[in-house]
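K.L.:
Residues in the sequence shown are numbered consecutively from 5, following the working numbering. All C-beta atoms in this analysis are idealised placements derived from N, C-alpha and C, irrespective of residue type, glycine included. Could you have a look at this structure, given as structure tokens, before my questions?
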Amino acid sequence: MTQQQTAIFGGGCFWCLEAVFQDLRGVSAVLSGYMGGHLASPSYEQVCGKSTGHAEVVRIEFDAAVIRYDQLLDVFFAIHDPTTPNRQGNDVGPQYRSVIFALSAEQLASARGKMAAAAAQWSAPIVTELIAIFDEVGQPVTGNEARFWPAEAEHHNYFKRNPSQGYCAFVVAPKVMKARSAFAALMAER
5 MTQQQTAIFG
15 GGCFWCLEAV
25 FQDLRGVSAV
35 LSGYMGGHLA
45 SPSYEQVCGK
55 STGHAEVVRI
65 EFDAAVIRYD
75 QLLDVFFAIH
85 DPTTPNRQGN
95 DVGPQYRSVI
105 FALSAEQLAS
115 ARGKMAAAAA
125 QWSAPIVTEL
135 IAIFDEVGQP
145 VTGNEARFWP
155 AEAEHHNYFK
165 RNPSQGYCAF
175 VVAPKVMKAR
185 SAFAALMAER
């Protein structure tokens, strides 16, 4: 029996995250988008303007009977640097911050545990934001900051459609290869 759940992470350019999480078994969909800002339905250009408060994120739909949320967190912390505020490599700005949007108390607790484990592995402090988007009784909160806004169509499946593009070849591909090597047991059949 399937146990469909959703996870939302931001950690640098969403093209990188999307490409890595699409490779995992049990993941049925990965969609690039924006979250955590005050503006409704932001555009890529607005988010890159650094004034909306949004992060580039991916929304991951997964079967928890096949891959657990904590395993997704393991991959997340392995493929980006959670110690650099508002930056991943040459991608600089608040839209590239490390952030986890917890959709339930269980996700929040799991993320806290994985953040503590990550802190033991890095020499610098973990700066990943952990944002609960549910209230004290477990109901989803409303408002633009808690809403996932899908990115424009040209950002969807970007690495799969553009593997030879410069950024993809030099930034995305190495992250994909790192994940495939480090998490071979979690990879879907290709």
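#1: Would you kindly report the start and end of the unbroken alpha helix (DSSP H) that includes F81?
#2: Quick one: what does DSSP say W19 is sitting in, helix, strand or coil?
#3: Which runs of the alpha helix (DSSP H) spanning at least 4 residues fall entirely within the stretch 96–132, listed in chain order?
#4: Note down, in chain order, each residue of its chain lying with its Cβ closer than 7 Å to the Cβ of I71, except the 5 sequence neighbours on either side.
#5: Quick one: measure Cβ to Cβ for Y38 and W153, integer angstroms, because I've assumed they're closer than 8 Å.
#6: Check whether the Cβ atoms of F187 and V79 lie closer than 9 Å to each other.
#7: Rounded to the nearest angstrom, what separates E140 and E22 at their Cα positions?
#8: For S185, which of helix, strand or coil comes out of DSSP?
#9: Tell whether a beta-carbon distance below 9 Å holds between F13 and I104.
#10: Report all residues from its chain with a CB closer than 6 Å to the CB of G41; omit the five preceding and five following residues, and keep chain order.
#11: Kindly indicate the opening and closing residues of the beta strand (DSSP E) around E60.
#12: Assuming V51 and F18 are in contact, meaning their beta carbons sit under 8 Å apart, how far apart are those beta carbons, in whole angstroms?
#13: Go ahead and label A128 buried or exposed: buried means 16 or more other beta carbons lie within 10 angstroms of its beta carbon, across all protein chains shown.
#14: Spell out the partners DSSP gives F152 in its beta bridges.
#15: Which of the three DSSP states, helix, strand or coil, is assigned to V31?
P.N.:
Taking the coordinates as given:
#1: 73–83
#2: helix
#3: 109–125
#4: L28, R29, G30, V31, L190
#5: 5 Å
#6: yes
#7: 31 Å
#8: helix
#9: yes
#10: T56, G57, H58
#11: 59–67
#12: About 10 Å; that fails the 8 Å criterion.
#13: exposed
#14: According to DSSP, F152 bridges with nothing at all.
#15: strand
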